[in-house]
Amino acid sequence: MPASETMDQNFSFKYQSTKVFDGFSTCFRQWRSQNSHCQFLHGYSISFKVWFEGELDQHSWVWDFGGMKRAKTLIDGMNPKEWMHYMFDHTVIVAEDDPHLSSFYQLQEQGVIQLRVLPAVSAEQFAQLVLTKLNAFVQIETQGRVWVKRVEFREHERNSAVVERNES
1 MPASETMDQN FSFKYQSTKV FDGFSTCFRQ WRSQNSHCQF LHGYSISFKV WFEGELDQHS
61 WVWDFGGMKR AKTLIDGMNP KEWMHYMFDH TVIVAEDDPH LSSFYQLQEQ GVIQLRVLPA
121 VSAEQFAQLV LTKLNAFVQI ETQGRVWVKR VEFREHERNS AVVERNES
């Protein structure tokens, strides 16, 4: 038996794949950051890197990268790719407790912005939202064979936040 085959028998494999969702122009404000410029509306071309983990399918894939477009399972009535665009592409995101929330609603009613209201606004919260939404979708689509292990949110090449599933 070749040495490489002997070595492979001494450990198991964990399979992961990744997909990047990018090109989203998003504007947001963190109103609680009173000592930071982040209290003001500011925007980035944001992206998400998603780690999928699980067992291989009949194609020897963890996740079919085109599966987000062809999905039968929906997130808030949209396939995952549509949902990502709805949430993050050319949108303004504010927290539900923002003291100026009514002003943002007025801007939306006037057709000035596409408003998205979330419980909290931060890079970490965006990563958690994507992990939670995509994981529920992936679990259904793969009948529990695959899950979303980790999501990295990037404001730009120097700033990111990562959230990872806790296994316990």
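Here UniProt numbering is used: the first residue of the sequence shown is 1, the next is one more, and so on.
Beta carbons: idealized from backbone N, C-alpha and C, even for Gly.
These numbers come from a predicted model, not from an experiment.
message: Once DSSP output is grouped into helix, strand and coil, what is the label at GLU53?
response: Strand at GLU53.
query: At a cut-off of 7 angstroms, is SER47 close to the ligand GTP when judged by its beta-carbon and the heavy atoms of the ligand?
result: Ligands are entirely absent from the displayed structure, and the ligand GTP is therefore not among its contents.
message: Comparing C-alpha positions only, which one of GLN9, ARG32 and GLU55 sits nearest to PRO99?
response: With respect to the C-alpha of PRO99, the residue from GLN9, ARG32 and GLU55 having the closest C-alpha is ARG32.
- prompt: The beta strand (DSSP E) spanning residue 170 covers which residue range?
  reply: Examination of residue 170 is not possible in this model, given that the chain is present from 1 through 168 alone.
task: Check whether the Cβ atoms of PHE88 and PHE24 lie closer than 8 angstroms to each other.
output: Cβ atoms of PHE88 and PHE24: closer than 8 angstroms.
task: Below 8 angstroms CB to CB, which residues in the same chain sit around GLY54 once its five sequence neighbours on both sides are set aside?
output: TYR15, VAL62, TRP63, THR142, ARG145, VAL146 and TRP147.
- request: Quick one: grab the DSSP three-state call for GLY111.
  value: Three-state DSSP puts GLY111 in coil, outside helix and strand.
field: CA-to-CA distance, GLU124 to VAL162, given in whole angstroms
entry: Their Cα atoms are separated by approximately 7 angstroms.
query: In whole angstroms, what separates the C-alpha of LYS49 from that of LYS69?
result: Cα to Cα, LYS49 sits roughly 17 angstroms from LYS69.
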